[in-house]
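*Asks:* A single structure is presented below for examination.
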Amino acid sequence: MNIKENLSFYNDQLSEGVKLIAVSKTKPVETVLEAYQAGQRVFGENKAQDMADKQAKLPTDVQWHFIGHLQTNKVKLIAPFVNLIHAVDSLKLLKEINKQALNNNRVIDCLLQFHIAEEDTKFGLNMQESSEILSSQEFNALSNVRITGVMGMATFTKNTQQVSREFKQLHQNFLQLKSTFFANEISFCEISMGMSDDYKTALNHGSTMIRIGTGIFGARNYT
Ligand SMILES: *Cc1c(COP(=O)(O)O)cnc(C)c1O
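In this text, residue positions in the sequence shown follow my numbering: the first is 1038, and each later residue adds one.
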């Protein structure tokens, strides 16, 4: 695995404004540092404690993106430094992020996660649920969270037509929320979709952030 070459491989395929999130979950600090030294600054983690441990050991200009399901009791571990939380799917979680952001005197950017896949094991909202959250008084009273877009994971399948349909759906959800709730907010601009196996399809459907782990760092070892 040549991390530097892998990063270039992806960066060369990105249009202006599209970001590469290097998913470093399960990888040691030394590996993250190697990517950092090759110029990568944005990293994705899905365990709050791991992210906090790595953040403490890496340069302060790294941008940390939380990409997995976040439990409310773990928000405080990452609230002092996290740059973007990709997978917010409840008002309860937003309220806790707001509380911890306030404690740290920050505004934390978040994406709403949509359930676009066929599998029912994946987290995420539908349009009705997201609209209920965004139009609620409780949400509108939160001054330390900012919703900057949407995120989703397609079904794990080789059927690219299905994956295409799902990413298209996420793009449509984004446009609908944009016109209904964020028409005047240029900061609502992100569509986080695409992983090692489906990033090309995601880019074709307007992804602004691809989240790549295996393609940069090689297979993960969970044992
Ligand atoms: C692990 C993970 C990725 C990266 O997956 P790869 O297939 O290794 O590129 C992207 N997004 C989320 C939410 C993940 O949990």
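Beta carbons are placed, not taken as given, at the ideal position from N, Cα and C, and that holds for glycine.
Since we're looking at a predicted model, the values are computed, not measured.
Please go through the same chain and pick out, in chain order, the residues whose beta-carbon is closer than 6 Å to the beta-carbon of Asp1146, but skip the five residues on each side of it.
*Replies:* These residues qualify, in order along the chain: Leu1121, Arg1183, Thr1185.
*Asks:* Just to confirm, does Met1120 get its C-beta within under 8 Å of one of the non-hydrogen atoms of ligand 1?
*Replies:* First, the residue type needs correcting, since residue 1120 is Asn and not Met in the sequence shown. Not under cutoff, so the answer is no.
*Asks:* Identify, in the order they occur along the chain, each residue of the same chain with its Cβ nearer than 7 Å to the Cβ of Gly1073, setting aside the five sequence neighbours on each side.
*Replies:* The displayed chain sequence assigns Tyr, not Gly, to residue 1073. Around Tyr1073: Leu1095, Pro1096, Val1099.
*Asks:* Drop a sphere of 10 angstroms on the beta-carbon of Ala1021, count the other beta-carbons inside from all chains shown, and report buried for 16 or more, exposed for fewer.
*Replies:* Outside the displayed range of the chain (1038 to 1260) lies residue 1021, so it cannot be described from this structure.
*Asks:* Does Glu1071 come out as helix, strand or coil in the three-state DSSP assignment?
*Replies:* Note: Glu1071 maps to helix in three-state DSSP.
*Asks:* Identify every run of the beta strand (DSSP E) within the stretch 1093-1147, keeping only runs that are complete inside it and at least 3 residues long; order them along the chain.
*Replies:* If we require 3 residues or more, the beta strand (DSSP E) runs fully inside the stretch 1093-1147 come out as 1100-1103, 1121-1125.
*Asks:* Helix, strand or coil, according to DSSP, for Ala1029 in the structure here?
*Replies:* Because the chain here runs from 1038 to 1260, residue 1029 falls outside it and cannot be looked at.
*Asks:* Nearest chain B C-beta to Ser1229 closer than 9 Å, yes or no?
*Replies:* The structure shown contains no chain B, having only a single protein chain.
*Asks:* Taking the beta strand (DSSP E) that Arg1183 falls in, what are its first and last residues?
*Replies:* Arg1183 -> beta strand (DSSP E) spans 1182-1189.
*Asks:* Exposed or buried, which one is Gly1054 when buried takes at least 16 other CB atoms within 10 Å?
*Replies:* Under this definition Gly1054 is an exposed residue.
*Asks:* Compare the C-alpha of Leu1057 against each of Cys1226, Ser1173, Asn1258, Ile1253 and name the closest.
*Replies:* Of the candidates Cys1226, Ser1173, Asn1258, Ile1253, the one whose C-alpha sits nearest the C-alpha of Leu1057 is Ile1253.
*Asks:* Let's see if you can read the secondary structure: which residues bound the alpha helix (DSSP H) around Met1164?
*Replies:* That run of the alpha helix (DSSP H) goes 1164-1172.
*Asks:* May I ask you to check if the CB of Asn1221 is nearer than 8 Å to at least one heavy atom of ligand 2?
*Replies:* Because ligand 2 does not appear in the structure shown, any question about it cannot be addressed here, the ligands present being ligand 1.
*Asks:* Where do the ends of the beta strand (DSSP E) carrying Phe1080 lie?
*Replies:* Phe1080 -> beta strand (DSSP E) spans 1079-1082.
*Asks:* Report the rounded CA-to-CA distance for Ile1247 versus Leu1240, giving the unit in angstroms.
*Replies:* Straight-line Cα distance between these residues: approximately 8 Å.
*Asks:* Alpha carbons only, please: which of Asn1181, Arg1257, Asp1126 is nearest the one belonging to Gln1150?
*Replies:* The shortest C-alpha separation from Gln1150 is found at Asp1126.
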